[in-house]
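Residues 0 to 423 in numbering that gives the first Met the number 0 are what the sequence shown spells out, letter by letter.
So the structure is just underneath, and the comments pick up after that.
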Amino acid sequence: MSKVIQSIRGMNDILPEETPYWQFLENAVREILSSYGYGEIRFPIVEHTELFKRSIGEVTDIVEKEMYSFGGEDNLKYSLRPEGTAACVRAGISNGLFYNQTQKLWYMGPMFRHERPQKGRYRQFHQIGAEVFGYGGPDVDAELIILSARLWKKLGLNPSLEINSIGSIETRGNYRNALLSYFTKHKDQLDADSLRRLERNPLRILDSKVPQTQDLVKDAPIMSDYLSDLEKAHFAGLKNFLDDASIEYTVNPRLVRGLDYYSLTVFEWLTDKLGAQNAICSGGRYDGLVEQLGGKPTQAVGWALGIERVIELMKQANTSIEIQKLDLFLVSGNTPELKREAFRLSEGLRDALNGVKLAVYCGEAGIKSQMKKADKSEARFALILGEDESASTTVVLKDLRQRAAQETIAQKDLIKVLSERLAS
Ligand code: ATP
Ligand code: MG
């Protein structure tokens with residue numbers, strides 16, 4: 000036997016027993032986002048590395064150590080996308096979507112980050128994102144949060160919401176200086192990563208997961224003390240909309256996001272049911288990004304959710320997803336003629352019964368063992384076409400879920416009988 004080829008660490012297969020959860024989530028997202036007037040956008044999985052460097056920021060986990068890059072002389076020319084926002088903005092600029100227009104968009108697909116794999120943290124994972132362009136007010140910030148809350152409801156989930164305002168770039172500059180002097184005073188207590196970020200990006204230290212650093216963060220200066228009146232009004236406006244929609248939230252003055260491009264509103268949906276991986280959806284406003292990537296100044300706000308973590312929560316919450324079972328399983332005698340007749344019959348049924356879920360047995364087994372497979376398939380009815388049925392142009396219909404007697408039905412009546420039975 001040849002050597003078995005393993006899958007790549009941190010990259011998962013999603014098997015047929017799992018996909019109903021994915022489909023349920025994807026359908027819910029499609030339904031809700033299109034009901035709010037959002038359009039789906041699809042963009043490539045590979046982009047110039049430069050795009051992510053310039054948007055996410057050089058001094059971030061993603062750009063410093065998590066990107067899969069290749070190509071060019073230094074093997075760093077292209078990267079697998081580690082997130083969707085930058086690529087979505089690039090696509091918007093490339094296609095002129097931001098010229099005198101507003102856009103409400105969503106996307107879904109795989110993202111790649113070279114992280115240490117563990118439960119809820121993978122190297123290929125999947126995100127769904129929503130991004131809105133061309134609106135500056137807190138109303139869209141609120142809309143994005145409100146529609147995600149609607150999604151949680153539909154999925155039977157109950158995560159908690161944290162919000163914060165991190166101000167404009169100018170405000171953050173002042174805050175940054177305050178942080179810099181605070182953390183410099185306590186330099187000896189910082190972990191190595193935070194120490195390295197001290198000069199270039201002290202805000203990032205607030206996001207540190209090292210317990211000792213987190214203790215230090217507790218007494219650090221607070222962003223809200225640095226917000227201007229306009230920035231405070233934006234945040235107050237957001238809170239009003241959320242209150243009106245009866246959405247509960249906590250203001251977490253320490254909440255910053257892992258990426259550099261955010262401004263004003265930031266938020267995160269959290270759960271205590273997934274251990275250390277507690278964030279299921281994060282987002283915020285990023286008014287500077289479009290311009291930073293070469294477009295004309297365009298206000299923007301969005302969020303992204305991690306599909307794997309949301310599905311894990313759905314399983315824990317016993318979310319009832321509809322699993323689409325087979326309606327019919329067609330069993331036939333094992334001669335070439337009977338098999339051809341079975342195929343003809345099944346295609347006729349598929350033509351006439353819109354959306355019918357019908358499996359036809361393929362293979363060499365006898366009728367008895369085909370019936371066992373029909374039963375195991377969880378189909379509702381078996382259709383049996385043996386020598387006798389063929390000779391009399393009939394077929395046997397057997398209800399596999401009830402102990403009713405089986406019936407012999409003329410093939411010409413089959414469509415009518417089945418449409419009645421399947422409807423009940
Ligand atoms: P974390 O703090 O858990 O590392 P993050 O801040 O890096 O998350 P974002 O870049 O904001 O995450 O991505 C949005 C969502 O994508 C997260 O809330 C999470 O649900 C999911 N996510 C991020 N990284 C991974 C990963 N490696 N594997 C699975 N899901 C992930
Ligand atoms: Mg991360």
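Each residue gets a CB set at the ideal place from its N, CA and C atoms; glycine is no exception.
Treat the numbers as computed from the prediction; the structure is a model and nothing was measured.
If you keep only unbroken beta strand (DSSP E) runs of at least 3 residues inside the segment 40-107, you get 45-47 and 77-79. M313 is positioned such that its CB atom lies no closer than 8 Å to that of Y121.
Under the 10 Å beta carbon count, A409 is surrounded by fewer than 16 other beta carbons and is classified as exposed. Ranked by Cα distance from A378, the options D224, V355 and P158 are led by V355. By the Cβ neighbour-count rule, M10 is exposed, with fewer than 16 other Cβ atoms within 10 Å of its own. L189: not part of any alpha helix (DSSP H); DSSP gives it neither H nor E.
Bounds of the beta strand (DSSP E) holding L357 are L357 to V359. Here the C-alpha atom of A235 lies approximately 13 Å from the C-alpha atom of G166.
Ranked by how close their Cα comes to the Cα of P81, the residues E63, A299 and L352 have E63 in first place. Per DSSP, L197 lies in no beta strand (DSSP E) segment and is marked neither H nor E. Within the model, the alpha-carbon separation for R29 versus K184 is close to 50 Å. Counting only residues of its own chain and dropping the five nearest sequence neighbours on each side, L325 has a CB closer than 6 Å to the CB of K356, A358, S376 and A378. At least 8 Å separates the beta-carbon of E161 from that of Y260. Looking at the backbone, the Cα of D138 and that of A27 are separated by about 23 Å. Annotated three-state conformation of G9 is coil, per DSSP. The beta-bridge partner set that DSSP reports for F111 consists of Q123.
In this structure, V309 sits away from G283, with a CB-CB distance that is not shorter than 8 Å. When rounded, the separation of the alpha-carbon atoms in H233 and T18 is 41 Å. Taking the C-beta atoms as reference points, L237 is found no nearer than 8 Å to D374. Using a Cβ-Cβ distance cut-off of 8 Å, the segment 97-108 and the segment 126-137 are in contact, since at least three pairs of beta carbons, one from each stretch, lie closer than that value. Three or more Cβ pairs closer than 8 Å define a contact, and the segment 288-303 meets that threshold against the segment 90-102. Across the set G385, V58 and L384, the C-alpha of V58 shows the shortest separation from the C-alpha of D206. Set against 7 Å, the gap from the CB of D60 to the closest heavy atom of the ligand MG is smaller. By the 16-neighbour rule on beta-carbons within 10 angstroms, P158 is buried. Contact between the segment 48-56 and the segment 76-90 is established, with three or more Cβ pairs separated by less than 8 Å. Within the same chain, Cβ atoms closer than 7 Å to the Cβ of R349 are found at V355 and L357, the five residues on either side in sequence being excluded.
Annotation: the continuous beta strand (DSSP E) that includes K397 extends over T393 to D398. When Cβ pairs closer than 8 Å are counted between the two stretches, the segment 190-202 is seen to touch the segment 163-180, the count reaching three or more. Judged by DSSP in its simplified three-state form, V3 adopts coil rather than helix or strand.
With respect to the C-alpha of K367, the residue from L384, E321, G56 and L189 having the closest C-alpha is L384.
Q211 sits in a helix when the DSSP states are folded into three classes. Of the heavy atoms belonging to the ligand ATP, none sits nearer than 7 Å to the Cβ of I165. In the three-state reduction of the DSSP assignment, Q117 falls in the strand class. Straight-line measurement puts the Cα of S180 at about 35 Å from the Cα of A86. For Y121, the distance from the CB to the nearest heavy atom of the ligand ATP is below 7 Å. When distances are taken from the beta-carbon of A90 to the heavy atoms of the ligand ATP, even the shortest one reaches 7 Å or more.
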